[in-house]
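For what it's worth, full-length UniProt numbering labels the leading residue of the sequence shown as 1, then goes sequentially. By construction, the Cβ of each residue, glycine as well, lies at the ideal position given by its N, Cα and C atoms. All of these numbers come straight from a predicted model, not from anything done at the bench. All remarks here apply to the structure that follows.
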Amino acid sequence: MNKELQKLLKQINDKKNEVKSLVNDGKLDKAKAAKEELKELQNRFDLLYDLDEEEQDDIEDKVNNGTAKQVGGDVKPDKKNIVKSFVNIVKAGFLHKEADEADIKVYKDALTSDTTAGSEGEVGIGVTIPEDIRTDIIELRRSSDNLEQYVNVEGVTTKTGTRNIEVDAESTPFDNVDEAADFPEMDEPEFLPIEYKVKKKGGILKMTAELLEDTASNIMAYINKWIAKKTKATRNAMILKVLNEMTKGKEVTVENLDSLKDIFNEQLDPAIADNAVVITNQSGFNYLDKLKDKDGNYILQKDPTQQTKGKMLFGEYPIIKLSKKTLASEKIMNTDGHTIDGYKHPIFCGDLKEAVTLFDRNVLTIDLNDKGAGLWDKDMTGIKVRDRFDVQPVDKGAVIKGQITEVING
């Protein structure tokens, strides 16, 4: 991506934050105007990106036809070449043969700026997915139910480490100082050590021999989509596990509209509430979607920053709706232990960027094997994908778990 596109991308992100800030301040007219500016910036980015791609293709065609000179002896491989070479290496592993040297060179060139590859990036041990392809996977898993975008993400290059987080930095004020008097000593900052240990997560994608005979772009699209779906599900599960652990035993009962207001007005620090979001499942969302104010109006409002069906609570807090399969409700069992009396639907409220940090090793690797159980006899290949990250709680006061009770018996 050239510098002009990078500059536009930053402007787009800044404009998105501006729209959200205006909405939080209740300046809806200005928010709508800013959203139109955001659309114009996005259109400019899309057009320039397409032109950049066409220009790169034109240069590549000229070099291949011998009508243009290669600078430095080689042309930097574009994404199409990287994908093609990457898939060729995958096919070589499937066919139990050495990968072509030209493909290996293109692949290694794509990793030259990837300092996280390490020894596991060597061909024949485990193929590290190049940065361009990894970016595609990240883009594919970006959706409203991807919790990674709401927590703090820190890239790391080591498997373990410690971060010192300052606790209650804003709660201790300066003392008064009289004229010509000595300055008093201040309380030393209190730091909370947060340790992370990068964990290996992974699974196996089964691919048919027929699929491996398809075009490089089709193969890569299939692999990317599968990896994106699985990594999103895995990271969501880890984030929810941490959220449940840090709020265990401190759940708040949500009975009505006022109990929700209590969470944001009293139980969350104002600085946390300013950037809070709401995470719930389908049942919790259904409850919120039916709430009405004293005039009979539904309290959920459309999120002006979302082009689709985004909703906001009290016109301030974006709602992230997850599947009940991803975020399950807790069953309320009868005294006999067999009959279900109802459910407790979870609703997390708070600033997840302050509450949780995801330490991302930012390395995806794949191995191939056609000798696994049920693979050889079905003419299939198993692609083993590994993702490395860790999720840790940081500020346990930055999120509150509410529980909406639904009684179904009696």
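Residue i bridges to which residues according to DSSP?
i: L192; result: I165
i: residue 426; result: Not covered by the structure: residue 426. The range shown for the chain is 1 to 410.
i: N152; result: T357
i: K199; result: F389
i: L205; result: I383
i: E330; result: K344
i: Q301; result: M312
i: G350; result: V277, V399
State the start and end residues of the unbroken beta strand (DSSP E) segment that holds residue i.
i: E210; result: Careful: E210 lies outside any beta strand (DSSP E), inside the alpha helix (DSSP H) at 209 to 212.
i: G402; result: 399 to 407
i: I223; result: Segment 216 to 247 is the alpha helix (DSSP H) holding I223; no beta strand (DSSP E) there.
i: Y317; result: 317 to 322
i: K311; result: 311 to 313
Cα separation between residue i and residue j?
i: E81; j: A102; result: In the sequence on display, residue 81 carries Asn and not Glu. Their backbone Cα atoms lie some 11 Å apart in a straight line.
i: M220; j: L211; result: 10 Å
i: K199; j: F389; result: 6 Å
i: T128; j: V363; result: 7 Å
i: D163; j: T157; result: The sequence shown places Arg at residue 163, not Asp. Answer to the nearest angstrom: the Cα atoms are 14 Å apart.
i: I227; j: D136; result: 10 Å
i: K15; j: I340; result: 48 Å
i: A34; j: G310; result: 18 Å
i: I125; j: I204; result: For I125, the predicted structure reports a pLDDT of 40, less than 50, and the residue's modelled location is therefore unreliable. A value from the coordinates is still provided. Straight-line Cα distance between these residues: approximately 16 Å.
i: I400; j: I320; result: 15 Å
i: R235; j: K206; result: 21 Å
i: R142; j: F86; result: 23 Å
So the candidates are the options; which of them puts its Cα closest to the Cα of residue i?
i: I165; options: D295, K396, I404, E406; result: K396
i: Y196; options: L47, I408, T357; result: T357
i: L9; options: V19, R44, L22, P393; result: R44
i: N265; options: D293, F314, M246; result: F314
i: P318; options: Q149, I408, R141, N88; result: Q149
i: E4; options: K32, K27, D46; result: D46
i: T326; options: S144, V153, A233, E354; result: A233
i: P130; options: V153, K292, V90, N152; result: V90
i: F191; options: L268, V394, N297, I263; result: V394
i: residue 415; options: R361, D269, Q267, R134; result: As shown, the chain starts at 1 and ends at 410. That puts residue 415 outside it, with no answer to give.
For residue i and residue j, which I take to be in contact (beta-carbon distance under 8 Å), what is that distance rounded to the nearest angstrom?
i: H345; j: S283; result: 4 Å
i: I223; j: I383; result: 7 Å
i: G350; j: I272; result: 6 Å
i: Q392; j: I194; result: 5 Å
i: K30; j: L38; result: In fact, because the Cβ distance is near 12 Å, the residues do not count as touching under 8 Å.
i: D387; j: T231; result: 5 Å
Going by DSSP, what residue range makes up the alpha helix (DSSP H) through residue i?
i: R134; result: 131 to 140
i: Q392; result: Element bounds for Q392: not the alpha helix (DSSP H) but the beta strand (DSSP E), 380 to 393.
i: I272; result: 270 to 273
i: N286; result: 282 to 290
i: D262; result: 257 to 262
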